[in-house]
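Just add 171 to the spot in the sequence shown (first one is 1) and you have the working numbering. Beneath this line is the structure, given in structure tokens, with notes to follow.
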Amino acid sequence: MVSAPTKLPTQPGFIMLSPEEREAGKWSRANLQRGMELLHRDGLLAMSNIVDKDHLVALRESMLETAKEIRADKTKLTDFNHGVATNHLQSPPLNDPSLLYEDVFSNNFVHQIVRSYLGPDIQMAFITANTALPNTKDRQPVHKDAPWAHPLAPYMLNTNFPLSDFTPENGSTEFWLGSHLNTTNEEQLWRTSSSPTPTCDVTPACIAERLKTRPGEQIRVPFGTVLLRDMRTWHAGMPNSTDTERIMIAVGYSSSWYPSPPQKFKAPLAAKELLTKRTPADFDWLPDAEWEKISQRWGLDEKDGIFLPASPGMAPGSGTGKGWDGTGAEPWDCLNVTAEQDKVVNPNFNTAAIGA
Ligand SMILES: O=C(O)CCC(=O)C(=O)O
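This is the structure we're talking about:
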């Protein structure tokens, strides 16, 4: 008799650091294997016991205060992520030495998994946080963080440190496990059939198809959990029905072969020693006071704000990017090419989502 295929989970699998692994400063072979299997199968991995919760509490206290201060500056849809006025980016206090925790910003157990997944010589790519505003009702569209021809291989991992329990009530992220596998730009919506790059959003047809097999679900993980996500995994920011901001720090890593664009990520000199302790970080290192002035200016139409690094493959004039060489002259060759006739166009695309 042929048995029915095992149903794949819609919540993330965990690896849990033991006292012996902590003492040895590395994951055991067995946990590393489990971590690799989960990350390759699901595009998301949850890890326990790798960060001191007191460090997360201290960061939460500081960042909640900042979130309230910067809220008043968020006046336009382009100040929010994906043009939905419920979730914005926020810099952690990288210029405060008392809050520069090694187990958050340069975590050895995270690095071991990242190096195993992305290959040797990983680089730090960015540091930010996602703040889901309290008492909100709107959700983001299902998307990939890739409004360009992303490589068809694991090229970037995002480490997420939720600063509280992560529940559907406070707006935990909706993840679509396994969606990173074989995903291409054909699964994304385009502004026009001649647009050089797609938008982040996944097409309704692909969403409908995936709902039949492995739907997205808001995850439930306890405070202290650290998540690693393949950047190709579909996901969405969700409304937060509680009275408190839900903050999640994000530390991104890229593979050695992923280009480092001239429009670099900006970080304060105070953090340089820690951020480059275990991985190179090809950032613009600004004097602390200079960084502080721009550190919360994440809006898509900011002229001199802080930006996520320009994405390779973004052609001049599309979105905010000017090609990874800064002029558009440097080509971006990868297998992820969509023919014009295969592009699914959304003429009603929310232009606030891409700063256009
Ligand atoms: O904050 C979250 O849960 C996810 C936000 C997100 O995916 C985004 O802003 O692109």
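Using N, Cα and C, we set each Cβ at its ideal position, and we do this for glycine too. For clarity, every value in this text was computed on a predicted model and none was experimentally measured.
For this session: Could you tell me whether the Cβ atoms of residue 430 and residue 389 are closer together than 8 Å?
Result: no
Exercise. Should the segment 410-417 be regarded as contacting the segment 276-286, the criterion being three or more beta carbon pairs within less than 8 Å?
Worked result: no
For this session: Return the first residue and the last residue of the alpha helix (DSSP H) that residue 288 is part of.
Result: 279-289
Exercise. Which residue comes first and which comes last in the beta strand (DSSP E) that contains residue 185?
Worked result: 185-187
Exercise. Does the segment 346-362 come close enough to the segment 402-412 to have 3 or more Cβ pairs within less than 8 Å?
Worked result: Yes: at least three Cβ pairs fall under 8 Å.
Problem set entry | Residue burial classification, residue 358 (beta-carbon count within 10 angstroms, cutoff 16) | Buried.
Exercise. Exposed or buried, what is residue 394 when buried is set at 16 or more other beta-carbons lying within 10 Å of its beta-carbon?
Worked result: exposed
Problem set entry | Residues of its chain near residue 277, where Cβ-Cβ distance is below 6 Å and the 5 sequence neighbours each way are ignored | 445, 448, 449
Exercise. Taking three-plus beta-carbon pairs below 8 Å as touching, is the segment 323-330 in contact with the segment 432-442?
Worked result: no
Exercise. Should residue 372 be counted as a contact of ligand 1 given a C-beta to heavy atom distance under 7 Å?
Worked result: The answer is no for residue 372.
Problem set entry | DSSP bridge partner residues for residue 424 (one or two, in chain order) | DSSP, once it has assigned bridges, lists 295, 328 as partnering residue 424.
Exercise. Counting pairs of beta carbons, one from the segment 453-462 and one from the segment 368-380, are three or more of them closer than 8 Å?
Worked result: No, the segment 453-462 does not touch the segment 368-380.
Exercise. With DSSP run on the structure shown, which of helix, strand or coil describes residue 385?
Worked result: coil
Exercise. Taking all protein chains shown into account, do 16 or more other C-beta atoms lie within 10 angstroms of the C-beta of residue 489, making it buried, or fewer, making it exposed?
Worked result: Because the pLDDT at residue 489 is just 46, under 50, the model does not fix this residue reliably, and the value given afterwards should be weighed accordingly. With 16 or more Cβ atoms within 10 Å of its Cβ, residue 489 is classed as buried.
Exercise. Got a sec, what are the start and stop residues for the beta strand (DSSP E) residue 230 sits in?
Worked result: No beta strand (DSSP E) contains residue 230, which is instead part of the alpha helix (DSSP H) from 224-242.
For this session: Return helix, strand or coil for residue 258, following the three-state DSSP convention.
Result: strand
Problem set entry | Terminal residues of the beta strand (DSSP E) in which residue 442 lies | Counting along the chain, residue 442 falls outside any beta strand (DSSP E), and DSSP gives it neither H nor E.
Exercise. Is residue 275 helix, strand or coil by DSSP?
Worked result: helix
Exercise. How would you call residue 345, buried or exposed, if buried means at least 16 neighbouring beta carbons within 10 angstroms?
Worked result: buried
Exercise. Hey, would you say residue 440 sits closer than 8 Å to residue 457, going by beta carbons?
Worked result: yes
Exercise. My guess is that residue 275 and residue 332 are in contact by the Cβ rule of under 8 Å, so how many angstroms apart are they, rounded?
Worked result: The pair is a contact, with the Cβ atoms about 6 Å apart (cut-off 8 Å).
For this session: Report yes if the C-beta of residue 467 is less than 7 Å from at least one heavy atom of ligand 1; otherwise report no.
Result: no
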